[in-house]
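For reference, the structure discussed in these notes is given below.
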Amino acid sequence: MLPSLGRLCCCRATDLRRLLNPEVVIEALREAYAALADNRGDQGRSVGFTIEGGSIHVKSGLLPGSHLAFASKVNVNLPDNWKLRQLPTIQGVVVVSDAKDGRPLAIMESITLTGIRTAATAALAAGYGARKHSKRAAIIGCGAQAKYQLEAVKAVFPLETVRVFDIDGARAEAFARANSTSKCSATPAPSVREAVRDVDICITCTTSKSPILTDDLDLRGCFVAAIGADNPEKHEIAPALMRRARILVDDIEACASGGDLNHALRAGAMSKDQVHAELADLAAGRKLGRM
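Residue 975 in my numbering is what sits at position 143 of the sequence shown, and the numbering runs on without skipping anything.
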């Protein structure tokens, strides 16, 4: 009980799912990124700690420009947590405070919120980088994030078909069955190559440490949202493939220090100044994603 905090709101996963539909979150992100374009000093900051069996990450930031709110997310990431304790790999909370008078405003469960926000960011980027009337998509990796990704991209594009692949074939089949509708059919693919064949949008949400989108794949014209490689060990896109792409990022420094851009830079496949745009530039209308 926290009676002295007044209007503090505590949000569980069910509350977040009910309140935050993809359209609302995508528009909120668009506004925040547009404000960030003129307030680069308000870029969020992260700090990480290595612990036995995993890591702890703290990510914080002000609402750009207005500074009306401050948010901080604390996540504990334990890859073997389910195997050892039957608990989620990542657990944490997000705390939002009024940055003017200091009042805590909300405490939110971070697993669901992170899933919703990650998918909405990918869909926002796809709105700038993908074909405007994209109808065919592929999702590689059918874990918890995949459903959020599908819901968000369907809020932006008139998808008719989605092919899915997972190294666990049964999981891909279950995901396809659960997410196939009369308007958008979902089918499992036998390989990554078959999943991405002739699609407009490809979303990778895996924990792979070696490229799953390899240099020999024909992805011309396809928008790729690679969201799985969130640290220097993870790797979803081959450096040579990155070299041929127009690269859009949410935060160039964060991407350059971990994940696929980091691997491409270290391999000498491209330089940081070859990144086409950050989301802030796109949201503010200062750069175009797809020419």
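Where is the CB? At the ideal position from N, CA and C, for every residue including glycine.
The segment 969 to 986 and the segment 876 to 891 do not touch, with fewer than 3 CB-CB distances between them shorter than 8 Å.
Between G1090 and D1048, the CB-CB gap reaches or exceeds 8 Å.
For N853, the closest of N1094, A1010 and K979 by C-alpha to C-alpha distance is K979. The C-alpha of H1067 is placed about 12 Å away from the C-alpha of M1074.
Annotated three-state conformation of E1068 is coil, per DSSP. Contact between the segment 1031 to 1047 and the segment 976 to 990 is present, with at least three C-beta pairs closer than 8 Å.
DSSP, read as helix, strand or coil, puts R995 in strand. In terms of Cβ geometry, A952 and V857 form a close pair [threshold 8 Å].
In this structure G924 is in contact with V906, their Cβ atoms being roughly 5 Å apart against a cut-off of 8 Å.
Counting along the chain, the unbroken alpha helix (DSSP H) around C1087 starts and ends at I1084 to S1089.
When the five nearest sequence neighbours on each side are left out, the beta carbons in the same chain lying within less than 6 Å of the beta carbon of E941 are those of R844 and A845, in order along the chain. Here Q875 carries a coil assignment [DSSP, helix/strand/coil]. Bridge pairing for Q923: V908 [DSSP].
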